[in-house]
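Just remember that this note's numbering sits 17 ahead of the position in the sequence shown, which is counted from 1. Notes to accompany the following structure.
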Amino acid sequence: MILRHLIAEQVLLEGEFAPAHLEILGGEIVRIHRLSAGEGRRRAEIVKASDVGAGAGMTVVDPRHQVLPGNVDTHVHINEPGRTSWEGFATGTMAAALGGVTAVVDMPLNSIPPTVDVESLRIKQRAAAGQTFVDVGFWGGIVPGNTAQLRSLWEAGVFGFKCFLLPSGVDEFPPVNASQLREAMTEVASFDGLVIVHAEDAETIERATELTGGRRRLSHYADWAQTRPHDAEVAAVSDLIEAVRETGCRTHILHLASARALDIIAQARDEGLPLTVETCPHYLCFDAEVIPDGAAEFKCCPPIRDRGNREALWEGLREGIIDAVVSDHSPSTAEEKRRGAPDLQQAWGGISGLQVGFSAVAHEARLRGIGIETVSAWMATNTALLAGLPRKGSITLGRDADLVIYDPRPTNLTSAAGLAHKNPISAYDHYEITGAVVGAVLRGTPLYTAQDTTSALAPVGGFLQGLGSPELSTLRR
Numbered sequence: 018m019i020l021r022h023l024i025a026e027q028v029l030l031e032g033e034f035a036p037a038h039l040e041i042l043g044g045e046i047v048r049i050h051r052l053s054a055g056e057g058r059r060r061a062e063i064v065k066a067s068d069v070g071a072g073a074g075m076t077v078v079d080p081r082h083q084v085l086p087g088n089v090d091t092h093v094h095i096n097e098p099g100r101t102s103w104e105g106f107a108t109g110t111m112a113a114a115l116g117g118v119t120a121v122v123d124m125p126l127n128s129i130p131p132t133v134d135v136e137s138l139r140i141k142q143r144a145a146a147g148q149t150f151v152d153v154g155f156w157g158g159i160v161p162g163n164t165a166q167l168r169s170l171w172e173a174g175v176f177g178f179k180c181f182l183l184p185s186g187v188d189e190f191p192p193v194n195a196s197q198l199r200e201a202m203t204e205v206a207s208f209d210g211l212v213i214v215h216a217e218d219a220e221t222i223e224r225a226t227e228l229t230g231g232r233r234r235l236s237h238y239a240d241w242a243q244t245r246p247h248d249a250e251v252a253a254v255s256d257l258i259e260a261v262r263e264t265g266c267r268t269h270i271l272h273l274a275s276a277r278a279l280d281i282i283a284q285a286r287d288e289g290l291p292l293t294v295e296t297c298p299h300y301l302c303f304d305a306e307v308i309p310d311g312a313a314e315f316k317c318c319p320p321i322r323d324r325g326n327r328e329a330l331w332e333g334l335r336e337g338i339i340d341a342v343v344s345d346h347s348p349s350t351a352e353e354k355r356r357g358a359p360d361l362q363q364a365w366g367g368i369s370g371l372q373v374g375f376s377a378v379a380h381e382a383r384l385r386g387i388g389i390e391t392v393s394a395w396m397a398t399n400t401a402l403l404a405g406l407p408r409k410g411s412i413t414l415g416r417d418a419d420l421v422i423y424d425p426r427p428t429n430l431t432s433a434a435g436l437a438h439k440n441p442i443s444a445y446d447h448y449e450i451t452g453a454v455v456g457a458v459l460r461g462t463p464l465y466t467a468q469d470t471t472s473a474l475a476p477v478g479g480f481l482q483g484l485g486s487p488e489l490s491t492l493r494r
């Protein structure tokens, strides 16, 4: 079924919920009729009477449910081709759909080959073709020696370029040093592209690891986190800001975990530097102090930090210093997560949260008096602006009819075994969440409903193109 009409009592329009009737044509929102409270059922009867066949393409949403724009997750590791035992396009995008994410942008690693030239991009697109349940775009990568490839990658449709300032964890995606970073940023600035950076300082981490006893076993999470201290993020962010100042390159800080970097980020913003920042659900939902010993499902880089830091990140979101919240979905096999157990140093560093992240952040936000309207801005509107997706991120005339149906009432205990991503491992196992995604629509096609959550799913996703259009990314320009 292709939707032609959606009628609901609570539709998020321009930051506020209102009764509305959305008309959809060719997957696009073509009309928005604002209604009075309680008018929906009568409106549906009028539509059926005046539009022959409309009944088959009409949904009247439960008045207790909220209609939000589909979330846009710009930080996802799908790992196909090359590491499909970790994750793949079918399982990863199904998890996205079930979590209320209707568009993802895939990272250039941990696939083999990484997306560092046009041929590698085409290999990844061929691997994804025909098996995505949501729309998918791709980041390119910056590695030593590929600066000459960046413009052609941009023109081929990537949304920007990721780099590491320290080892990435996979040999085929090495880090760049300070001069290589500036060379790449200068090139990317020449076509007004975007550089996205894993900002941790290698030398600071090396010193911290030596202070904790080098390679001694570290099973206590807070002890392991000391090997990747706050100072590693602060130093890297400080150096990165200087590189932005020198090159003028639009730059995005990935997965900020340390709130101690917020002040220098705010100062850079005051200078007018083109800098954006994201954090992740796991930094907003968990505290290092209460993570069980050896619990590698919580290991990520940078690490989850203490409760005070967690609340400071929430404050950074409230103040607008942090722009967006994204999953950094980075799964692996159970064998990789158990490597060296219970020593956390050897386990794969990555959290599987694509299906859970939106509901978890909405739950934690509610506990802090923050409405889901604001969460939607962080996880749909701002992420679409960041990547340059003018048809995504809000319920607006002329945009794709990408919608999420959310029920704020039920309380459920998350089970990792019940999640759709490939390996049933997640930090959110046994995490209690109030509020749930109960339906999703992609470009007018219902992916599933509260009554039928999986059997209706079909791989109807398409490819998103960056188009090499600098005017598309308007966040913090």
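The beta carbon of each residue, even a glycine, is placed where N, CA and C say it ideally should be.
Query, Result
"Residue 114 versus 374, 215, 446, 389, residue with shortest Cα-Cα distance", "374"
"N- and C-terminal bounds of the beta strand (DSSP E) containing residue 284", "Counting along the chain, residue 284 falls outside any beta strand (DSSP E), though it belongs to the alpha helix (DSSP H) covering 279 to 287."
"First and last residue of the uninterrupted beta strand (DSSP E) at residue 465", "462 to 465"
"C-alpha gap between residue 239 and residue 64, whole angstroms", "59 Å"
"The segment 80 to 88 contacting the segment 412 to 419, beta-carbon criterion three pairs below 8 Å", "yes"
"Start-end ranges of the alpha helix (DSSP H) lying completely within the segment 204 to 233, minimum 4 residues", "219 to 228"
"Neighbour-count burial assignment, residue 376, 16 or more Cβ in a 10 Å radius", "buried"
"Runs of alpha helix (DSSP H) lying entirely within the segment 321 to 395, each at least 4 residues, in chain order", "324 to 335, 351 to 355, 374 to 384, 389 to 393"
"Cutoff 8 Å; reference residue 476; Cβ partners in own chain excluding five residues on either side", "107, 110, 147, 148, 149, 150"
"Given 8 Å, three or more beta-carbon pairs between the segment 267 to 286 and the segment 351 to 361", "no"
"In DSSP terms, what residue 454 is bridged to", "423"
"Presumed contact (8 Å Cβ cut-off) between residue 281 and residue 254, rounded CB distance", "6 Å"
"Residues bridged to residue 191 (per DSSP)", "None; residue 191 has no bridge partner."
"Continuous beta strand (DSSP E) assignments of at least 3 residues falling wholly in the segment 88 to 141", "88 to 93, 118 to 123"
"At least 3 beta-carbon pairs within less than 8 Å: the segment 217 to 228 vs the segment 283 to 293", "no"
"Bridge-paired residues (DSSP) for residue 83", "423"
"CA-to-CA distance, residue 465 to residue 395, given in whole angstroms", "24 Å"
"Contact between the segment 450 to 462 and the segment 422 to 436 (3+ Cβ pairs under 8 Å)", "yes"
"Inter-residue spacing [alpha-carbon to alpha-carbon] between residue 229 and residue 336", "35 Å"
"Limits of the unbroken beta strand (DSSP E) element including residue 152", "152 to 155"
"Straight-line gap, residue 246 to residue 225 (C-alpha atoms, nearest Å)", "7 Å"
"Rounded distance between the beta-carbons of residue 483 and residue 459, thought under 8 Å", "Actually they do not touch by this definition, with Cβ atoms about 19 Å apart."
"Per-residue burial, residue 22 [other beta carbons within 10 Å of its own, 16 or more giving buried]", "buried"
"Proximity below 8 Å, CB of residue 299 to CB of residue 321", "yes"
"Extent of the continuous beta strand (DSSP E) to which residue 64 belongs", "Unbroken run through residue 64 is the alpha helix (DSSP H), 57 to 67; no beta strand (DSSP E)."
"Alpha carbon of residue 306 to alpha carbon of residue 25, nearest angstrom", "43 Å"
"Span separating the alpha-carbon of residue 187 from that of residue 96", "12 Å"
"Rounded Cβ spacing between residue 212 and residue 201 (contact assumed at less than 8 Å)", "7 Å"
"Residue 429 (DSSP reduced to helix, strand or coil)", "strand"
"Residue 397 to residue 364 span [Cα, whole Å]", "32 Å"
"Cβ pair residue 158, residue 131 closer than 8 Å", "yes"
"Sub-8 Å separation of residue 381 and residue 297 beta-carbons", "no"
"Cβ pair residue 29, residue 393 closer than 8 Å", "yes"
"Which listed residue (369, 43, 76, 269) has its alpha carbon closest to that of residue 313", "369"
"Neighbour-count burial assignment, residue 494, 16 or more Cβ in a 10 Å radius", "Confidence is the limiting factor: at residue 494 the pLDDT is only 43, short of 50, which leaves the residue's position unreliable, though a coordinate-based value still follows. Label assigned to residue 494: exposed."
"Residue 173 - DSSP class collapsed to helix/strand/coil", "helix"
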